[in-house]
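What follows is a single structure, written as structure tokens, with notes after it.
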Amino acid sequence: MKNITDKLIEKIEQLKNPTVAGLDTRIDFLPESLRKTATDGESTAKAIVEYNCNIIDALCDIVPAVKIQSAYYEMYAHHGIIAMNKTAEYAAAKGMIVMADVKRNDIGATAEAYAKAYFDGTLYDYITVNPYPGYDGIKPFTDKCKDNKGIFVLARMSNPSAAQLQNLIVDGQPLYLHVGKLIEEWGKDHIGECGYSAVGAVVGATNPEEARNLRTALKSVFFLVPGYGAQGGKGKDAAASFDENGRGAIVNNSRGIMAAHLSDKYKGMTYSAAARAAAEDMRDDLYKAIYT
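Residue 648 is where the sequence shown starts when you use my numbering, and the numbers rise one by one after that.
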């Protein structure tokens with residue numbers, strides 16, 4: 648039976664681009680014409696939606712997915728949540744896979760409430776989840792995978808201090824590998840026609856050796872790969888997360904795409920044109936590293 652990861656892989660292969668554009672939208676990314684309209688929480692949220700929709704218009708025919716980082720919306724209270732949901736609706740209407748980067752979890756009953764909040768009646772295809780509570784916190788989310796939804800569970804993150812916990816040696820192996828094996832176990836009943844589960848893992852591009860270890864060990868786990876671009880990851884680093892057929896992962900780039908107009912490389916371009924140019928450059932970098 649097909650799952651949401653089958654759909655994601657089909658989009659990636661249709662566009663020949665394993666990229667997800669992160670919408671970590673900050674007010675200082677917006678051009679002056681939009682920033683000057685942002686005078687309170689409501690008007691700021693409205694300006695962010697306009698910016699996001701123009702970015703989506705520029706990317707939807709070349710990038711298969713967007714990832715919306717909830718923190719940048721929650722800071723505007725209920726106005727921001729509305730903006731986040733409007734962004735998701737617009738991206739879905741344009742045919743994109745929509746991910747919510749929320750990193751939620753808790754004890755079972757609370758995890759169930761989180762799962763309902765982000766999956767029931769929304770257009771989010773995937774959300775990110777924290778594995779720390781263990782299976783009773785994970786199960787409410789994996790139950791939603793039966794409804795053509797998916798999750799990415801934190802395994803080996805891209806930030807420098809992640810190694811403080813995730814690289815601890817437990818029973819002779821790093822903790823991230825133990826977590827990866829749990830993720831594979833949690834997703835064994837949700838494997839689609841492509842051979843990959845709807846229960847995936849977050850594996851940073853900034854740690855290619857760890858990514859390679861996880862890819863070797865986890866045959867049915869699809870990876871969400873942050874850390875490309877502003878955090879220092881390159882195509883050759885991200886390539887470690889892909890299988891021998893060039894499948895098994897999608898690579899996130901947030902600031903490098905959505906704020907490309909602020910960089911010297913794309914200076915003078917409109918923000919939407921710069922975002923498209925940056926996404927095309929990333930696509931070409933990934934294609935060279937993964938498929939040639």
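Don't be surprised by glycine CBs; every beta carbon is placed ideally from N, CA and C.
| message | With a threshold of 8 angstroms between beta-carbons, can Gly842 be considered close to chain D, or not? | response | The structure shown contains no chain D; it holds only a single protein chain.
| message | What residue range does the alpha helix (DSSP H) around Met905 cover? | response | Arg902 to Met905
| task | Check Leu822 in the structure and name its three-state DSSP category. | result | helix
| task | Specify, as a first and last residue, the run of the beta strand (DSSP E) that Lys750 falls within. | result | Ile744 to Arg751
| request: Determine the direct distance from the alpha carbon of Glu721 to that of Ile830, and round the result to whole angstroms. | output: 28 angstroms
| message | Looking at the secondary structure, which residues open and close the alpha helix (DSSP H) in which Ile604 lies? | response | Nothing can be reported for residue 604: it is not among the residues displayed for the chain, which extend from 648 to 939.
| request: Determine the closest residue to Gly874 out of Asn806, Leu801 and Tyr913, with distance taken between C-alpha atoms. | output: Asn806
| request: Taking 8 angstroms as the cut-off, decide whether the C-beta atoms of Asp772 and Ile651 are in contact. | output: yes
| query | What do you reckon, are the CB atoms on Leu824 and Asn777 nearer than 8 angstroms? | reply | no
| Collapsed DSSP secondary structure at Phe889 in the structure displayed | coil
| said: Less than 8 angstroms between the beta carbons of Pro780 and Asn752, yes or no? | reply: yes
| said: Here's the rule: buried if 16 or more other CB atoms are within 10 angstroms of the residue's CB, otherwise exposed. What is Lys683? | reply: exposed
| field | Beta-carbon separation (whole angstroms), Gly669 vs Ser844, contact threshold 8 angstroms | value | The pair is not a contact, with the Cβ atoms about 23 angstroms apart (cut-off 8 angstroms).
| field | Residue burial classification, Leu706 (beta-carbon count within 10 angstroms, cutoff 16) | value | buried
| message | On the CB-based measure, 16 or more other CB atoms within 10 Å of its CB, does Tyr913 come out buried or exposed? | response | buried
| Spatially closest choice to Ala896 from Val849, Ile728, Gly876 and Ala926, by CA coordinates | Val849
| task | Return the CA-CA distance between Ala926 and Ser808, expressed in angstroms with no decimal places. | result | 28 angstroms
| query | Who are the Cβ neighbours of Lys714 in its own chain at under 6 angstroms, not counting the five residues just before and after it? | reply | Val667, Gly669, Met746, Asp748 and Asn899
| task | Put Tyr875 into one of helix, strand or coil per three-state DSSP. | result | strand
| Under three-state DSSP, which class holds Arg864? | Reading off the sequence shown, one finds Ala at residue 864, where the question assumed Arg. Note: Ala864 maps to helix in three-state DSSP.
| said: So, with DSSP's three-state summary, where would you put Val710? | reply: coil
| query | Which value, in whole angstroms, describes the spacing of the CA atoms of Ala877 and Gln716? | reply | 16 angstroms
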